[in-house]
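Asker:
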Amino acid sequence: MTKGRRVLKIAIDGPAGSGKSTVAREVSRRLEITYLDTGAMYRAITLKVILENIELNDLEDLEGMLEETEIRLGEDRKIYLDGVDVTAEIRQPHVNEMVSPVSCISAVRRHLVAMQQTIADQSNGIIMEGRDIASRVMPDADFKFYLDATIEERAKRRCKEQLEKGIILSLPEVSAEIKNRDNIDSHREDSPLTIVEDAIVVDTTGMTIVEVVDRIIEVINEGMR
Ligand code: DC
353 MTKGRRVLKI AIDGPAGSGK STVAREVSRR LEITYLDTGA MYRAITLKVI LENIELNDLE
413 DLEGMLEETE IRLGEDRKIY LDGVDVTAEI RQPHVNEMVS PVSCISAVRR HLVAMQQTIA
473 DQSNGIIMEG RDIASRVMPD ADFKFYLDAT IEERAKRRCK EQLEKGIILS LPEVSAEIKN
533 RDNIDSHRED SPLTIVEDAI VVDTTGMTIV EVVDRIIEVI NEGMR
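Per the numbering used here, residue 353 is the first one in the sequence shown, and the count goes up by one each step.
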């Protein structure tokens, strides 16, 4: 889908549990554009760091690993790390715990941002979600959304999501994990989570997925007129 002769680019940023993934996936389905979950890419690299026992301050080892690693996002919405389907494993608590520290490392960010920009350039329209999409990956995006919700609501959503996968976690446990990740993601030196000046902020607290998706599509339709 194009706006004029340009490819439509939509950026969605926001903290953990703000509903970004579900909303972005549905918007991509409705607009028939590519969907990219950049958090899944950081999670896949984190899993490799864990599996290979890489020290986060061993830059040489880390950079070598990045060069040799293949991340593939399948048409089936699955994520493959060096050819292995890791879709379920990257959502496990051991990855949750490590993903924010790994995402602070500039070498990791440079590598993944370059991949994300290539995917955007090769697409016929894209909706990308993460933490630095509007500020770093696609500062030229046509639409920039920032999704937010209260910590209570975000923790509840995460608990429910995990329960659907058979993982039982307590609300305080999830709430603490989210707060810790928010804190690291918002205060890191390289590309922290921020609300850019031209972002449209949507507080999704108390809203259903359909309501959020409708609101986003409405803004896009108005902007494209
Ligand atoms: O969206 P998520 O919860 O799956 O993201 C997991 C982690 O990845 C998040 O805590 C920080 C990092 N991340 C990032 O630093 N930049 C992005 N664009 C996306 C995710």
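Even for Gly, the Cβ is constructed at its ideal location relative to N, Cα and C. Quick caveat, the model's predicted, so the values are computed rather than measured.
Any chance you could list the beta strand (DSSP E) runs of at least 3 consecutive residues sitting entirely within the segment 384-440, in chain order?
Answerer: Those beta strand (DSSP E) runs which fall completely within the segment 384-440 and span 3+ residues are 386-389, 423-425, 431-433.
Asker: Quickly, what does DSSP pair leucine 499 with across the bridge? List them, please.
Answerer: Val554
Asker: Find the nearest neighbour of tyrosine 387 within the set Arg358, Thr421, Val401, Ile431, judged by alpha-carbon distance.
Answerer: Of the residues Arg358, Thr421, Val401, Ile431, the one whose Cα lies closest to the Cα of tyrosine 387 is Ile431.
Asker: Looking only at its own chain, which residues have a Cβ that is under 6 Å from the Cβ of isoleucine 536, when we skip the five neighbours before and after it?
Answerer: Ser452
Asker: Exposed or buried, asparagine 448, counting other C-beta atoms within 10 Å across all chains shown (16 or more means buried)?
Answerer: Per the 10 Å Cβ criterion, buried.
Asker: If you draw a straight line from the alpha carbon of glutamate 378 to that of valine 565, how long is it in whole angstroms?
Answerer: 7 Å
Asker: Cα-Cα, which of Leu418, Val526, Glu441 is closest to serine 458?
Answerer: Leu418
Asker: Can you list, in chain order, the residues of its chain whose CB lies under 7 Å from that of valine 465, leaving out five sequence neighbours each side?
Answerer: Arg488, Val489
Asker: Would the beta-carbon of threonine 374 be found less than 6 Å away from any heavy atom of the ligand DC?
Answerer: no
Asker: Thinking serine 370 and aspartate 389 are a contact (beta carbons under 8 Å), I'd like their distance in whole angstroms, please.
Answerer: So it is not a contact: roughly 13 Å between Cβ atoms.
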